[in-house]
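Asks: Residue numbers (our numbering): 297 to 466. One structure, as structure tokens, below. Some questions next.
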Amino acid sequence: MAYKNKVLAALAVAGLSCAAVPVFAHPGTPSSLGGGSHGAPMWGAGGLSMLEGISLTKQQRKKIETILSDAHDQDQTDDIRNDMGKIHQQIQDQLTDPGPINREQINILLQQQASLRAQQEARHLDVAERIHDVLTPEQLSQIKARQAKIHDLMEQLHEVQHPSTPDDSK
């Protein structure tokens with residue numbers, strides 16, 4: 297059962313990362329404020345596409361575009377993504393090279409990777425907080441309700457795709 301949950305979690309993460317919309321894809325529309333490709337920030341689990349259907353004032357749209365532009369610029373000037381790729385390749389090399397695996401070296405690499413991920417998450421949280429502060433309580437409530445509806449629909453989809461059988465309860 298734990299393996300099944302890990303696979304589902306991995307698929308969910310992969311799906312969310314593929315669902316990112318390029319920043320400023322269609323200037324002036326709320327959906328253009330989506331998470332960017334190539335490491336641009338995401339706002340919460342569903343990305344900034346969660347602003348779709350939310351009426352933003354011109355001032356809000358401009359503030360959010362500035363926040364995203366600043367975050368995108370910062371992502372382009374740092375090496376976190378490249379460093380993570382290098383670490384990933386080093387781990388793959390360790391696991392595919394003939395001979396004994398240097399578990400200690402892999403653990404060091406995993407710690408470095410976790411540190412880089414934590415830096416990315418902290419930056420994403422900063423972007424999410426800045427966007428949160430631009431939105432009104434009513435807009436945040438609309439987004440929260442939409443998130444709950446999406447969550448419920450995803451649970452229903454999972455139940456349809458993976459119906460429980462009498463053997464699952466054992």
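Ideal Cβ placement from N, Cα and C applies to all residues, glycine included.
Whole-angstrom Cβ separation of isoleucine 402 and isoleucine 387, contact assumed at under 8 Å?
Replies: Taking the first residue of the sequence shown as position 1, residue 402 is located at position 106. Taking the first residue of the sequence shown as position 1, residue 387 is located at position 91. Right, the Cβ-Cβ distance comes to about 6 Å (below 8 Å), so this counts as a contact.
Asks: Going along the chain, which unbroken runs of the alpha helix (DSSP H) with 4 or more residues stay wholly within the region 344-419?
Replies: With a minimum length of 4 residues, the continuous alpha helix (DSSP H) runs that stay inside the region 344-419 are 354-373 and 376-392.
Asks: Is it right to say serine 460 is buried, meaning 16 or more other beta carbons lie within 10 angstroms of its own, or is it exposed?
Replies: Here residue 460 is taken as the residue at index 164 of the sequence shown, counted from 1. Serine 460 should be labelled exposed.
Asks: Assuming the contact rule is C-beta atoms closer than 8 Å, leucine 412 and aspartate 379 should be a hit. Round their C-beta distance to whole Å, please.
Replies: Here residue 412 refers to the residue found at position 116 when the sequence shown is read from its first residue. Here residue 379 refers to the residue found at position 83 when the sequence shown is read from its first residue. Confirmed, about 6 Å.
Asks: By a C-beta neighbour count over all protein chains shown, 10 Å radius and 16 as the cutoff for buried, is leucine 449 buried or exposed?
Replies: The residue you call residue 449 lines up with position 153 of the sequence shown. So leucine 449 counts as exposed.
Asks: Where does isoleucine 446 land, buried or exposed, given buried means 16+ other C-beta within 10 angstroms?
Replies: Against the sequence shown, residue 446 aligns to sequence position 150. By the neighbour-count rule (16 or more Cβ atoms within 10 Å), isoleucine 446 is not buried but exposed.
Asks: Assuming valine 430 and lysine 359 make a contact with CB atoms under 8 Å, what is their CB distance in whole Å?
Replies: For the purposes of this step, residue 430 is taken as the residue at position 134 of the sequence shown. For the purposes of this step, residue 359 is taken as the residue at position 63 of the sequence shown. Contact flag correct, Cβ pair sits at about 5 Å.
Asks: With distances taken from CA atoms, which of Glu451, Glu348 and Asp422 is nearest isoleucine 363?
Replies: Here residue 363 corresponds to residue number 67 of the sequence shown, with the count starting at 1. That would be Asp422, whose Cα lies nearest to the Cα of isoleucine 363.
Asks: If we ignore side chains and look at the alpha-carbon of each, how far apart do leucine 453 and glutamine 443 end up?
Replies: Position 157 of the sequence shown, counting from 1, holds the residue named residue 453. Position 147 of the sequence shown, counting from 1, holds the residue named residue 443. Each residue's Cα considered, the two are about 15 Å apart.
Asks: Got a sec, what are the start and stop residues for the alpha helix (DSSP H) aspartate 463 sits in?
Replies: Within the sequence shown, numbered from 1, the residue matching residue 463 stands at position 167. Segment: none, aspartate 463 is in no alpha helix (DSSP H) and carries neither H nor E.
Asks: Taking the CB atoms as reference points, tell me whether isoleucine 350 and glutamine 457 lie closer together than 8 Å.
Replies: For this step, residue 350 is matched to residue 54 along the sequence shown. For this step, residue 457 is matched to residue 161 along the sequence shown. No, the Cβ-Cβ distance between isoleucine 350 and glutamine 457 is not below 8 Å.
Asks: Beta carbon of glutamine 407, beta carbon of isoleucine 376: below 8 Å?
Replies: Here the question's residue 407 lines up with position 111 in the sequence shown. Here the question's residue 376 lines up with position 80 in the sequence shown. The answer is no: Cβ separation not under 8 Å.
Asks: Suppose the cutoff is 6 Å on Cβ atoms and the five residues either side in sequence are ignored; what does the same chain contact list for glutamine 356 look like?
Replies: One-based indexing of the sequence shown puts residue 356 at position 60. Closer than 6 Å at the Cβ level, and outside the excluded window around glutamine 356, lie Val430.
Asks: I need the DSSP call for histidine 454, collapsed to helix, strand or coil.
Replies: The count along the sequence shown starts at 1 and reaches residue 454 at position 158. Note: histidine 454 maps to helix in three-state DSSP.
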